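Residue numbers (this note's numbering): 1157 to 1416.
By construction, the Cβ of each residue, glycine as well, lies at the ideal position given by its N, Cα and C atoms.
Note that the coordinates shown come from a computational prediction; the quantities given were computed from them, not determined experimentally.
The structure under discussion appears below in the form of structure tokens.
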Ligand code: HEC
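Structure (structure tokens):
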């Protein structure tokens, strides 16, 4: 075999190494150009981007508003009792069938009340939660309200006749949609939890007008019970609380005692 064949053969073999070397080099070099797409994928189809002008619609918007009166899946709020607290145009006095009246519900209501409502209405419902106290301080400032603060006293939920006579459905409605200067919590607190809070507010009211005759016959009522209910606000609770030892544990002590 002539030597030239061996020589050409070797050159060709060396040439075979070129493509992998070029690929390796390109892959490891940053490049701001788009990769070459031999087969175009869906990202490259012609389309209008969200904020782009769209000549197809009279208002020129690409993003379309929802069709008027369209109802999203799972969002038909037709049950007036469950969603508005109303039965036959009257405030409901009972929980809707979806929420059971039991200790669990009241516990849940207490927990949610203390998270969402107590800041203004107080832990015991007296209307003097920590936010209310602070706002009143700012408003009562002798040189005029600090930073122009405007505040309406949060209602006393347990002693104010305006509230205590209200059926549970009305409380639920207030929590859901708000009232006058109080904002609604419908978008923050799920429906069942709002009912649990309404039920708990009723229990809170009842607990503060308890009479000795409320306890079963034969049970001794402790002497020296305060004639008027003690209305502890979070600030009193904090001020009177024993010092909490600093701990690295993230466990809430109230949780350990089963209070949450
Ligand atoms: C940011 C403070 C604030 C929070 C939080 C708050 N409220 Fe209120 N609430 C008020 C104020 C202020 C009023 C009085 C509004 C007025 O008279 O204009 C009020 C009024 C009320 C009333 C009286 C309604 C009536 O018919 O007059 C009820 C009942 C009530 N709140 C329940 C709740 C419940 C339950 C929660 C928790 C889900 C809650 N509030 C959370 C500030 C608050």
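Confirm the yes/no value for this check: CB of residue i, any heavy atom of ligand 1, distance under 8 Å.
i	result
residue 1358	no
residue 1268	yes
Alpha carbon to alpha carbon, how far is residue j from residue i? Give it in angstroms, no decimals.
i	j	result
residue 1295	residue 1306	7 Å
residue 1283	residue 1209	52 Å
residue 1230	residue 1257	25 Å
residue 1308	residue 1277	12 Å
residue 1391	residue 1274	Note on residue 1391: pLDDT 49, under 50, position unreliable in the model; no value is reported.
residue 1212	residue 1190	30 Å
residue 1171	residue 1197	33 Å
residue 1330	residue 1298	34 Å
residue 1337	residue 1262	27 Å
residue 1376	residue 1346	41 Å
residue 1242	residue 1270	25 Å
residue 1254	residue 1356	16 Å
residue 1183	residue 1163	32 Å
residue 1344	residue 1272	9 Å
residue 1363	residue 1303	39 Å
residue 1288	residue 1360	19 Å
residue 1354	residue 1221	35 Å
residue 1174	residue 1193	22 Å
residue 1223	residue 1216	16 Å
Give the C-beta separation of residue i and residue j to the nearest angstrom, bearing in mind that I take them to be a contact with Cβ-Cβ under 8 Å.
i	j	result
residue 1314	residue 1280	7 Å
residue 1234	residue 1252	That belief does not hold up - the Cβ atoms of residue 1234 and residue 1252 are roughly 13 Å apart, past 8 Å.
Under 6 Å from any heavy atom of ligand 1, by CB: list those residues in chain order, please.
1272, 1273, 1275, 1276, 1277, 1287, 1308, 1310, 1311, 1313, 1318, 1319, 1327, 1330, 1331, 1335, 1336, 1337, 1338, 1341, 1353, 1357
Whole beta strand (DSSP E) runs in the stretch 1196-1256 with 3 or more residues, listed along the chain?
none
What residue ranges within the stretch 1267-1348 form continuous alpha helix (DSSP H) runs of no fewer than 4 residues, ordered along the chain?
1274-1277, 1286-1296, 1317-1320, 1324-1333
Inside the stretch 1353-1379 only - alpha helix (DSSP H) runs reaching at least 4 residues
none
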